[in-house]
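To convert, note that position 140 of the sequence shown is 222 in this note's numbering; the numbers rise steadily by one, no gaps.
Positions of the beta carbon are idealized from the N, C-alpha and C atoms, including for glycine.
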Amino acid sequence: MRAVIVMGVSGCGKSLLAQRLAAALHASLIEADDLHSAANRRKMAAGIALTDEDRWPWLDAVGQRLGDLTRRDGVAVAACSALRQTYRDRLEQAAELPIRYIHLGGSREVIAARMVARSGHFMNPALLESQIATLEPPSGENVLACDVVDAPAQLLMAATDWLSCGRPVILRTER
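If you want it as structure tokens, here you go:
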């Protein structure tokens with residue numbers, strides 16, 4: 083069984099890579115943003131950062147759904163910020179199984195430009211600084227670190243290769 087979370091700050095491309103990865107793996111897809119409460123969405127749209135107390139029920143719902151779908155289908159992919167280690171621990175506790183993480187990282191400038199260019203998302207671009215400050219980049223054998231400047235096709239190939247071979251692959255390079 084493989085539970086996978088494509089993670090990173092808002093605007094890094096989590097949803098796009100998660101959609102493509104789920105399609106490539108014939109896996110169920112979870113868009114964690116869809117599981118936020120209406121109150122959380124209103125706060126983020128207003129530029130107010132969520133507190134841990136706001137996040138716990140959301141993380142529990144994401145983790146439970148990821149665990150349920152992984153047990154049912156053998157593989158599931160979620161797009162979820164999972165910014166701090168405590169959040170990733172909470173996701174794994176709720177999923178009741180280990181999770182592999184694909185961390186999409188990149189420069190503040192690149193991600194900010196993406197956030198400004200996109201439409202139809204509730205996340206206020208003003209919250210990027212808060213997300214960057216909150217981010218605790220993951221490490222370990224259950225993590226694939228990628229740079230958002232790489233083409234989506236490259237990221238997908240790296241992710242599928244990494245998931246099939248089970249070894250950590252480091253794509254991120256200093257630019």
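Backbone secondary structure at residue i - three-state DSSP
i	result
S221	coil
G90	coil
I130	coil
C228	strand
R45	Lying before the first or after the last residue shown, residue 45 is absent from the chain, which here runs from 83 to 257.
S110	strand
A233	coil
T255	Summary for T255: the model assigns pLDDT 44, below 50, so the residue's position carries little reliability, and this model does not support an answer.
L98	helix
G188	coil
Minimum C-alpha distance to residue i - residue among the options
i	options	result
G222	I181, A128 and E113	I181
A143	A121, I112, D155 and A128	I112
L217	V86, S92, L173 and I87	S92
E178	T133, Y169 and G145	G145
R84	D229, V225 and I130	V225
L151	Q175, S110, D136 and K125	S110
R153	L237, L245, D229 and V86	V86
S119	I193, W140, K96 and L245	W140
L262	D136, A131, Y183 and A233	Since the first and last residues shown for the chain are 83 and 257, residue 262 lies out of range.
Where residue i falls, given that 16 or more other Cβ within 10 Å makes a residue buried
i	result
H108	exposed
C239	As written in the sequence, residue 239 is Met, which differs from the Cys given in the question. Label assigned to M239: exposed.
C94	buried
R172	buried
R190	exposed
V231	exposed
Q213	buried
Straight-line Cα distance separating residue j from residue i
i	j	result
A235	L210	25 Å
H185	W138	21 Å
R147	T133	22 Å
A100	V88	6 Å
K125	G156	35 Å
L103	A241	8 Å
A227	P220	8 Å
Q175	Y169	10 Å
R123	D243	35 Å
R195	C247	Rather than Arg, the amino acid found at residue 195 in this sequence is Ala. If I take the Cα positions, the gap works out to 34 Å.
Closer than 7 Å: residue i CB and nearest the ligand ADP heavy atom
i	result
R170	This structure simply doesn't include the ligand ADP, nor any ligand for that matter.
Beta carbon proximity, residue i to chain D, threshold 8 Å
i	result
T216	Absence of chain D from the displayed structure is noted, only one protein chain being present.
task: State whether the region 154-167 contacts the region 112-132, with contact taken as three or more CB pairs (one from each stretch) at a distance under 8 Å.
output: yes
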